[in-house]
Amino acid sequence: MVEQPRNHRTARLIAIIAGLLGTVLAVATPLLPVNQTTAQLNWPQNGVLQSVDAPLIGYVATDLDITIPCSAAAGLDRPGRTVLLSTVPKQAPKAVDRGLLIERVNNDLLVIVRNTPVVSAPLDQVLSPQCQELRFTAHADKVTGEFVGLQAEPDVNDQENPAQPREPLRGERGGYDFRPQIVGVFTDLSGRAPPGLEFSATIDTRYSSSPTVLKLLAMILGVAMTIVSLGALHVLDSADGRRHKRFLPPRWWSMSPLDGLVTAVLVWWHFVGANTADDGYILTMARVSENAGYMANYYRWFGTPEAPFGWYYDLLALWAHVSTTSVWMRLPTLLMALACWWVISREVIPRLGSSVKHSRAAAWTAAGLFLAFWLPLNNGLRPEPIIALGILLTWCSVERGVATSRLLPVAVAIIIGALTLFSGPTGIAAIGALLVAIGPLKTIVAAHTSRFGYLALLAPIAAAGTVTIFLIFRDQTLVGELQASSFKSAVGPSLAWFDEHVRYSRLFTTSPDGSVARRFAVLAVLLSLAVAVAMTLRKGRIPGTAAGPGLRIIGITVIAFLAMMFTPTKWTHHFGVFAGLAGSIGALAAVAISAAAMRSPRNRSVSTAAVLFVTALSFATVNGWWYVSNFGVPWSNAFPEWKFGFMTVLLGLSAVALLVAAWLHFSGRDKPPPPGTQPLWKRIAQSPLAIATWALVMFEVVSLTVAMVGQYPAWTVGRSNLQALTGKTCGMAEDVLVEQDVNAGLLSPARNVPVGEALGDVTAEGFSPNGIPSDVSPDPVSEEPGAGNFADSDSGVVTGSEAGTEGGTTSAAGVNGSRARLPYGLDPARTPVMGSWRSGTQQPAFLRSAWYQLPASWSEQDRSDSLLVVAAAGRFDPGEVVVQWAGPDGEPSGNLSFGDVGAAPAWRNLRAPLSSIPSDATQIRLVATDDDLSPDHWIAVTPPRIPELRTLQDVVGSTDPVLLDWLVGLAFPCQRPFNHRNGVVEVPKWRILPDRFGAEANSPVMDYLGGGPLGITELLLRAVTVPTYLKDDWFRDWGALQQLVPFYPDAEPARLDLGTAERSGLWSPAPLRLS
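Those letters in the sequence shown? Residues 1 to 1075, per UniProt numbering, in order.
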């Protein structure tokens, strides 16, 4: 080894020792102990038999022990008292299937777990002096129940041992995890708790942990050693004697017109642009994590942590402390977008060679393709933006290391790459930035080892590669995270690498997943990649570009596409990780098809045809966006067209370009252009990819801007974001109007007509009070192609979006003799019903009600946000239910059709703006016509009403716990998501759902099979739909508001007995239970 200066010998020793220490401490961190918060649910509480709520986020306890004195069963002798003890309310639809019930069935006391009897005894024996107590235990491997003191009946078939002692009355079930789901402890008994009654459940709080002092010191020391080792590596790098190169490129702060345009587009899109599907999901996780103590997957997977992919969400949780509004929460995304463009324009493009650096077409194509990816895919809270930036920074650090023959930039690249990798599952695309440079890096290491040896160089790099372990396992254990990861794979969705075609299948659906914007972005980068690869294979490199960096950026992109195959889900929003790479590849492709590199006019015509074809294919779908971002967008449910379909025109132009290429080829005119400066229009025309990308960017920006302007003053994403700057920060909650008391707005019949007779007073041919089927459940929504991604998806899943509108019958007759169950809390004593349905052969039906009096001052008030509403059910066409109005003389002077928003044939609220009725009208009446004799075509109506409306923000507020469906979280930033802590979920009072399609298609994410909150609420609460309307957009299905009513209204939140225990990194209390 060459003799080294003293400072280099010292640096070499420090690099070895510090690097190895940092690596060892990082590897040891997952095994080091943590302080776990233990929680025990003990009952009875306060010495009384009162039901308590304690919904476990993991559904089941680690173990459960119950002891009940037999004498307690004496309280079950009264009518209506059947449950001695249960872990789920007996009224819940799935109570027997999922929980534990110790209940009286006929004359027996039965212990049943998950629809499986464990042990039973006649009630008279249970109450006899011989019976001492009932014991029940539940563990992952088995459940047992025993009536202590009672003996099993002898086996009548055992003739050989008639005098054999009888076995204790005991039952056991094993071979399956029978642990019951726990949402509380419930009983039909009351009064003082008898002595000896004990219920003790150990709650699974394995993820409610914090680092011990030992682990904290190890992490601090490990990070410090890594930093020291990198400092020593820098000293070793400087042994080459070369001057330090500046970190930032020259004039990095200057701003060109293109920079200004990109910045303007990004800033404007920040306010008016569409968001991504998972924004509400991620925002809610971030908001709840502080109270929970860890970043749990709030909507799925039984509350297991997001680690190892949760560090980026932890930053969002800190960011949410300032505000939860969309404009604020997405500000880091905007900053990442600007950083991405700055890196592309200042670092990537100059490194790709002189032709790229000095080509305006390359810069404009890079900007256009970058924006074409960023706008539709990265304008939300998902991790794709930071991954896209991380990939670019990793590549730039690697390139700096290659260019300077130094290893510190490589170590920094490894750190950035590791952070990118663990930002989200799609971060796997970052590995390409390191793999493509293995060859040059081996050369650099070999050059340095002759002076310092391998260990001094590789120890700091190993420390850099493992330093992210401190971040990932800072408060969790190795076994805990391994269990969570394998558990998520078992629950799903978890698609294999060979299912990657699913992602591209979705890209070609007519849905937001396959919208114009998303499809064009992906097809354009694939085309650019194909052009760059083809030119490189033909000529060795693209003329005028740097061979090494160009090949490496192509290699990264190829590897990134291959790495995406290993992500467990296959959604098109994952393509957002290519935003930075797309701009870089676009710059290379622009140079590849320029006149300087591709001199043949024929070939350039072919490339133009390819760009036009890709653009045409992109317009063969809808201009759709997710949920509320779609409000008012032109062509959101149709192929874009104006006079002619955009796809047709572009396809025709593509054919023309191909014909021109053929003409050039066969006519012998395929000659390179003469040297010299060409006119501007020719240079622009020779950049088809730049033209196409910028045309699509403008199409997207104009679409969303038109939506905001066209919908005004109705709610849109753009209007809401701009108003947030003025202090109106509660999103849709201030525009959704709620009708809390539907009976308060009912109109009274004029001329003293009795309420029960008014609805059919004038004409009621074929209509009757009971002309309604007993079941009016809504028809299922047909799922869009490619919408499902869950192994547990079930076409029969009940989403609850229309809870309380499914109809049914009641034992007592209403005011006009109807036994139909009314929706929304309408009072049968005040609300008549008339329907045209009948069993058997149908007949034409016609209904004309009596006149209903309008309020005396109705025309003098502001009617801009007032409605006329009729609760109706059935299947009927527009115009078959109308309202007529009249003045004091009672002569009809006009009519108006209702807007029908809701799911047929269920109950829904027909509505019409009150401002559409002339101010001189004093009374109105309903007219319904059913001339269709199909059994599925019928009409049922109730009297008209003028609702008393309040905003959802006023009704729900910001303090009540709310179940915000994952699609709506970002649109309702002021509503408080229900919390969870120490393994127990707070009981929500409300649920806010998206539009009906969104609720039905996406509720399986949160269901029982997936370990989500719906698996808890459907056992604990009954949902009642509250009528709502979107202000100034009255006919919009914005979503729904439900009030969640407990099955046991008097149940109190359970008090937990908390403690602390030290657990090693290999500790596990019990297996996590699949539903």
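Even for Gly, the Cβ is constructed at its ideal location relative to N, Cα and C.
Practice item. Would you list the residues sitting across from serine 86 in a DSSP beta bridge? Key: Residue numbering aside, residue 86 sits at position 86 when the sequence shown is read from its first letter. Note: serine 86 sits in a beta bridge opposite Leu101, Phe186.
Have a look at serine 355 and glycine 544 and give me their C-alpha separation to the nearest angstrom.
-> By one-based count along the sequence shown, residue 355 stands at place 355. By one-based count along the sequence shown, residue 544 stands at place 544. C-alpha separation (whole angstroms): 5 Å.
| query | What first and last residue would you give for the alpha helix (DSSP H) that runs through leucine 407? | reply | As a working note, residue 407 is residue 407 in the sequence shown. No alpha helix (DSSP H) contains leucine 407, which DSSP labels as neither H nor E.
Practice prompt. Go ahead and pull the three-state DSSP assignment for proline 149.
Written response: Walking along the sequence shown from the start, residue 149 turns up at place 149. Checking the displayed sequence, the identity of residue 149 turns out to be glycine instead of proline. The answer is strand: DSSP assigns glycine 149 an E or B state.
Just to check my reading of the structure: valine 1005 and tryptophan 966 have Cβ atoms closer than 8 Å, yes? What is that Cβ distance to the nearest angstrom? Start at 1 with the first residue of the sequence shown, and residue 1005 comes out as number 1005. Start at 1 with the first residue of the sequence shown, and residue 966 comes out as number 966. Confirmed, Cβ separation roughly 6 Å.
| query | How big is the Cα-Cα spacing for valine 738 and leucine 949? | reply | Within the sequence shown, the letter at position 738 stands for residue 738. Within the sequence shown, the letter at position 949 stands for residue 949. So the two alpha carbons sit approximately 5 Å from each other.
Q: Specify the secondary structure class of lysine 728 as computed by DSSP and reduced to three states.
A: Here residue 728 corresponds to residue number 728 of the sequence shown, with the count starting at 1. Here lysine 728 sits in coil by DSSP.
Contacting residues, own chain, Cβ-Cβ under 6 Å from alanine 456 (five flanking each side not counted) = Translated into the one-based positions of the sequence shown, residue 456 becomes position 456. Counting only Cβ-Cβ distances below 6 Å, and skipping sequence neighbours, we find Arg12, Ala15, Ile16.
Next on the checklist: In whole angstroms, give me the CA-to-CA distance for glycine 1012 and phenylalanine 302.
Outcome noted: If you number the sequence shown from 1, residue 1012 lands on position 1012. If you number the sequence shown from 1, residue 302 lands on position 302. Roughly 6 Å separates the two Cα atoms.
_Using 8 Å as the cut-off, can you tell me whether the segment 259-272 makes contact with the segment 323-341, which would need three or more C-beta pairs spanning the two stretches below that distance?_
yes
What residue range is occupied by the uninterrupted alpha helix (DSSP H) comprising glutamate 290?
The residue given as residue 290 occupies position 290 in the sequence shown. Glutamate 290 -> alpha helix (DSSP H) spans 279-292.
Burial state of aspartate 877, where buried means 16 or more other Cβ atoms lie within 10 Å
Locating residue 877 in the sequence shown gives position 877, counting from the first residue. Exposed is the call here.
Rounded straight-line distance, which links the Cα of alanine 903 to that of aspartate 779 = Mapped onto the sequence shown, residue 779 falls at position 779. Mapped onto the sequence shown, residue 903 falls at position 903. The alpha-carbon atoms of aspartate 779 and alanine 903 are separated by roughly 7 Å.
TODO: Identify which residue in Ser584, Gly586, Phe561 has its Cα closest to the Cα of alanine 574.
DONE: Here residue 574 refers to the residue found at position 574 of the sequence shown. In the sequence as displayed, the identity of residue 574 is histidine instead of alanine. When only C-alpha atoms are compared, the closest one is Phe561.
Cut-off 6 Å between Cβ atoms - residues of its own chain near isoleucine 553, not counting five sequence neighbours on either side: One-based indexing of the sequence shown puts residue 553 at position 553. Answer for isoleucine 553: Ser584, listed in chain order.
If we call anything under 9 Å between Cβ atoms a contact, is leucine 970 one with aspartate 279? Position 970 of the sequence shown, counting from 1, holds the residue named residue 970. Position 279 of the sequence shown, counting from 1, holds the residue named residue 279. In contact: leucine 970 and aspartate 279 (Cβ atoms closer than 9 Å).
Practice item. Going by CA-CA distance only, name the one from Leu847, Ala61, Ala912 that's closest to aspartate 930. Key: Taking the first residue of the sequence shown as position 1, residue 930 is located at position 930. The shortest Cα separation from aspartate 930 among Leu847, Ala61, Ala912 belongs to Leu847.
Does the segment 1046-1055 come into contact with the segment 831-845, if we say contact requires no fewer than three beta-carbon pairs (one atom in each stretch) closer than 8 Å? no
According to DSSP, is alanine 73 part of a helix, a strand, or is it coil?
Sequence index remark: in the sequence shown, residue 73 carries index 73 (1-based). Reduced to three states, the DSSP call for alanine 73 is helix.
Alpha carbon of glycine 174 to alpha carbon of aspartate 499, nearest angstrom: As a working note, residue 174 is residue 174 in the sequence shown. As a working note, residue 499 is residue 499 in the sequence shown. Each residue's alpha carbon lies about 36 Å from the other.
Checklist entry - Taking Cβ to Cβ, would you say alanine 921 is nearer than 9 Å to serine 897? => result The count along the sequence shown starts at 1 and reaches residue 921 at position 921. The count along the sequence shown starts at 1 and reaches residue 897 at position 897. No, the pair does not count as a contact, with Cβ atoms beyond the cut-off.
Self-check item: Run of the beta strand (DSSP E) containing serine 893, from where it starts to where it stops
Solution: Here residue 893 corresponds to residue number 893 of the sequence shown, with the count starting at 1. Counting along the chain, the beta strand (DSSP E) containing serine 893 begins and ends at 892-897.
Under 9 Å, do leucine 334 and arginine 518 count as touching if we go by C-beta distance? As a first step, residue 334 must be located in the sequence shown, where it is residue number 334. As a first step, residue 518 must be located in the sequence shown, where it is residue number 518. No, the Cβ-Cβ distance between leucine 334 and arginine 518 is not below 9 Å.
* Asked: When we look at the beta-carbon of alanine 437 and count the other beta-carbons within 10 Å, is it buried (16 or more) or exposed?
  -> Taking the first residue of the sequence shown as 1, we reach residue 437 at position 437. With 16 or more Cβ atoms within 10 Å of its Cβ, alanine 437 is classed as buried.
Review point. So, do the segment 641-650 and the segment 712-724 have three or more beta carbon pairs nearer to each other than 8 Å?
Key: no
Exercise for review: State yes or no: is the C-beta of alanine 657 within less than 9 Å of the C-beta of glutamine 953?
Suggested key: Numbered from 1 along the sequence shown, position 657 holds the residue referred to as residue 657. Numbered from 1 along the sequence shown, position 953 holds the residue referred to as residue 953. Not closer than 9 Å, so no.
Exercise. Could you tell me which residues DSSP puts in a beta bridge with alanine 873?
Key: Reading the sequence shown from its first residue, position 873 is the one you call residue 873. Note: alanine 873 sits in a beta bridge opposite Ala940.
Check your understanding: Can you give, in chain order, each stretch of the alpha helix (DSSP H) that sits fully within the segment 954-1028 and has at least 4 residues?
Key -> 996-1002, 1014-1020
Run through the DSSP bridge pairs and tell me what proline 122 is partnered with.
For the purposes of this step, residue 122 is taken as residue 122 along the sequence shown, with counting starting at 1. Paired residues: Asp108.
| request: Have a look at the DSSP bridge pairing and note the partners of methionine 708. | output: The count along the sequence shown starts at 1 and reaches residue 708 at position 708. DSSP output for methionine 708 lists no bridge partner at all.
Identified DSSP bridge partners for arginine 908 | Residue numbering aside, residue 908 sits at position 908 when the sequence shown is read from its first letter. For arginine 908, which the question treats as bridged, DSSP gives the partners Ala872.
message = Whole angstroms are fine: how far does the CA of valine 183 sit from the CA of leucine 1020?
response = Mapped onto the sequence shown, residue 1020 falls at position 1020. Mapped onto the sequence shown, residue 183 falls at position 183. Cα-Cα distance, rounded: 7 Å.
Practice problem: Out of Ile203, Arg166, Leu189, point me to the one whose CA is closest to histidine 139's CA. | Solution: Counting from 1 along the sequence shown, the entry for residue 139 is found at position 139. Among Ile203, Arg166, Leu189, the Cα nearest to that of histidine 139 is on Ile203.
Take every Cβ of the segment 279-295, pair it with every Cβ of the segment 460-471, and state whether three or more of those distances are shorter than 8 Å.
no
> By DSSP, does proline 1046 sit in helix, in strand, or in coil?
Replying inline: Counting from one through the sequence shown, the residue named residue 1046 turns up at place 1046. The answer is strand: DSSP assigns proline 1046 an E or B state.
Check: In whole angstroms, what is the alpha-carbon distance linking isoleucine 344 and valine 262?
Finding: The residue given as residue 344 occupies position 344 in the sequence shown. The residue given as residue 262 occupies position 262 in the sequence shown. Spanning the two alpha carbons is a distance of roughly 12 Å.
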